[in-house]
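Accompanying notes for the structure given below.
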DNA sequence: CGCACCTTTGAATGAGATCAAAGATGGTGG
DNA sequence: CCACCATCTTTGATCTCATTCAAAGGTGCG
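Residue numbers (the working numbering), protein chains in the order written: chain A, 72 to 314; chain B, 72 to 314.
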């Protein structure tokens, strides 16, 4: 549970041929574990490896000149981490393990080889990168134009939806291994204010919190409060045929 | 001046073969003009075409449930517009002409064909999509963790840098065909507050404004105020060989 | 069991929003 | 060419949401 590989992820969007499946599996030959809190990729440092997340949560963050931190994205099993290394030799972001994690590292040039040998997977990869970009755009809108309560709701909603995509029980408890400071750094709020907003959401019986967990009591209202938009599934009609 | 095509853009990052060059040029066979203010792609509507920007400015925006608008990205000549259509059949964003523009429309499946026939260009496209993602991340950090003055400075700085990349004179005047409301929608501020911040920047002799133009008086200080990070040029070491 | 870290709550402060209204500017049609 | 009107910019006054500062509980780990 809570573990997914590249092939499973890609397979959600297109039926893979045996050879494609094999090519993706080859990205997961290596395996490496990190402890909660470990820094996997450090901002501004030269890095050559990307990773497939096998299990656990991570986040990408940026530290501003004024010392404050902004978390830009959370990563879950099946996600690709370190994509910016395909564009920049020095990482523009820090990638940190939120929980204990297991990753599959692989070299940049393997992506090039994948695209050359399996253009359809290359196209699918582009598709996923673009979907990611849309997620970033949604977050920009959330930060730029919505009040605190909405932003916190949006983050919880995103986590809820993503965990459900990985197969969490419907109304069951969801792990929330983030400190309120983390949530603040993701939503552009202070930890204090995050605390107040979470309390309000709990008082309104939209969520319930206990320990490092939360439970969604009223999915409809959470989505409404969060301004959640269900992005239709990734489009694959334009992909070239498999080779 | 101020016009650039796909081949020029790609050529900045890798030396193109004749056949690659030709393949990219073929994306610009069609041509279509729009007036300032025209909506090129409408949010939530089904769209099948992407565009290469030949000349002029555009922006992508999202309208939130509360009626407010967030501009997520500006597009300049040589940019690809409508990439989200590679992942979603219905556009998640509205694309609007900021000035009179000329675009080259093309179908989604052409991207698939390009990747299949020219994997290296596919990889480069992925690279550019990833670079875009990093730009989004930078903006998230700006919105989430910096004060108003910094955000406005960051936007002007971005425009300044991008215009320079397209060949604007060093200390010369730069067109700014945006209303203060537009700038507010991009920076997550009100038009009124944008006005105040621009005034402060002008009073501090960092920029100068006249008509629909601005001039950067003190590039170093603008960059410092904006927390500008010069992202190193797009990395191409991992690309597969040209076919 | 004790310490470090996290959560929670209260009170004061402040950055940016909102409300309001007076100038500029520019595009359009007569 | 000019007058008019819509749109945009500018400035002031007030209000509010979120921050900051401070301090008291919790929690879990070594």
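Where a beta carbon is used, it is the ideal one built from N, C-alpha and C, also for glycine.
For residue 190 of chain A, the uninterrupted alpha helix (DSSP H) segment begins and ends at 190–216. For residue 236 of chain A, no Cβ of chain B is located within less than 9 Å of the residue's own Cβ. Taking 9 Å as the cut-off between beta carbons, the residues of the segment 260–281 of chain B near chain A are 260, in sequence order.
Taking 9 Å as the CB threshold, residue 196 of chain A lines the interface with chain B.
Residue 293 of chain B sits in a helix when the DSSP states are folded into three classes.
Interface residue (Cβ-Cβ distance to chain A less than 9 Å): residue 158 of chain B is classified as such. Collapsing the DSSP output to three states places residue 247 of chain A in coil. Here the alpha carbon of residue 176 of chain A sits roughly 46 Å from the alpha carbon of residue 278 of chain B. Excluding its 5 nearest sequence neighbours in each direction, residue 109 of chain A has C-beta neighbours in its own chain below 6 Å: 168, listed in chain order. Three or more beta-carbon pairs drawn from the segment 128–148 of chain A and the segment 243–261 of chain A are found closer than 8 Å, and the two stretches are therefore classed as touching. Chain B places a beta carbon closer than 9 Å to that of residue 205 of chain A, counting this residue as a contact. A distance of 9 Å or more separates the beta carbons of residue 112 of chain B and residue 157 of chain B.
Residue 184 of chain A is bridged by DSSP to nothing; it lacks a bridge partner. Counting other Cβ atoms within 10 Å of its Cβ, residue 234 of chain B reaches 16 or more and is therefore classed as buried. Each residue's CA atom was taken as its position, placing residue 154 of chain A and residue 203 of chain A some 11 Å apart. For residue 141 of chain A, a Cβ of chain B is located within less than 9 Å of the residue's own Cβ. Runs of the beta strand (DSSP E) lying entirely within the segment 117–147 of chain A and spanning at least 3 residues, in chain order: 120–126, 129–134, 140–146.
Using a C-beta cut-off of 8 Å, the segment 232–251 of chain B makes no contact with the segment 183–200 of chain B, since fewer than three inter-stretch Cβ pairs fall below that distance.
With the rule of 3 Cβ pairs closer than 8 Å, the segment 144–151 of chain B counts as touching the segment 120–134 of chain B. Rounded to whole angstroms, residue 220 of chain B and residue 263 of chain B show a C-alpha spacing of 13 Å.
If you check the CB distance, residue 125 of chain B and residue 171 of chain B do not come in under 9 Å. At a cut-off of 9 Å between C-beta atoms, residue 289 of chain A does not count as an interface residue with respect to chain B.
A distance below 8 Å between beta-carbons, with the five flanking residues on each side excluded, links residue 275 of chain B to the following residues of its chain, in chain order: 292. No Cβ-Cβ contact shorter than 9 Å links residue 305 of chain B with residue 213 of chain B. Using a Cβ distance threshold of 9 Å, residue 313 of chain B and residue 91 of chain B count as a contacting pair. In the same chain as residue 205 of chain B, and ignoring 5 residues on each side of it, the C-beta atoms closer than 7 Å to its own belong to 302, in chain order. Only those residues of the segment 212–230 of chain A whose C-beta falls short of 8 Å from the nearest C-beta of chain B are listed: 212, 214, 215, 216, 217. Taking residue 118 of chain B as reference, the option from B/265, B/162, B/310, B/243 with the minimal CA-CA separation is B/162. Shortest Cα-Cα distance from residue 122 of chain A to any of A/94, A/79, A/88, A/166 involves A/166.
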